[in-house]
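To keep things clear, I will list the structure first and then write my remarks on it.
In the working numbering, the protein residues as written are 9 to 146.
Next up, the structure:
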């Protein structure tokens, strides 16, 4: 391969003859220069985007994680306070139901109602559809 170089100032010509090995070496050097330039450009672009300093990125992630943990702790405290308030209210309602059951038992004795009509010692029946046994028709 022959390369002809022309000078700007005086128009002198210079010829350079390369063998097959020299041509391959020149091609490899050109490709290496292009790849190196692309790598350097990517490195600089990453530095501009903030990716060149991993310690800063890790510190940013840790700060975000700490903020999320603080929010989670606050949500847990609020939830526990709500559960405590509901448990207190449920206890109060249970006390009222016990008093109403005692009153109902006393009223049934005062009204001389039959024993099977109202039974305040047993658990109250639950509502809902009655389960139909297999083979039983309505």
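Even for Gly, the Cβ is constructed at its ideal location relative to N, Cα and C. Please read these numbers as outputs of a predicted model, since none were measured by experiment.
Spatial neighbours of residue i within its chain, please: C-beta separation below 8 Å, excluding the five flanking residues on both sides.
i, result
"residue 127", "none"
Measure the alpha-carbon distance for residue i versus residue j and round it to whole angstroms.
i, j, result
"residue 53", "residue 67", "21 Å"
"residue 61", "residue 27", "46 Å"
"residue 111", "residue 131", "16 Å"
"residue 85", "residue 139", "42 Å"
"residue 108", "residue 115", "10 Å"
"residue 30", "residue 37", "10 Å"
Give me, in chain order, the residues of the same chain whose beta-carbon lies closer than 7 Å to that of residue i; leave out the 5 immediate sequence neighbours on both sides.
i, result
"residue 122", "none"
"residue 113", "128"
Can you round the beta-carbon distance between residue i and residue j to whole angstroms, since I take them to be within the 8 Å contact cut?
i, j, result
"residue 24", "residue 11", "4 Å"
Excluding the 5 residues preceding and the 5 following residue i in the sequence, name in chain order all residues of the same chain whose CB lies nearer than 6 Å to its CB.
i, result
"residue 101", "none"
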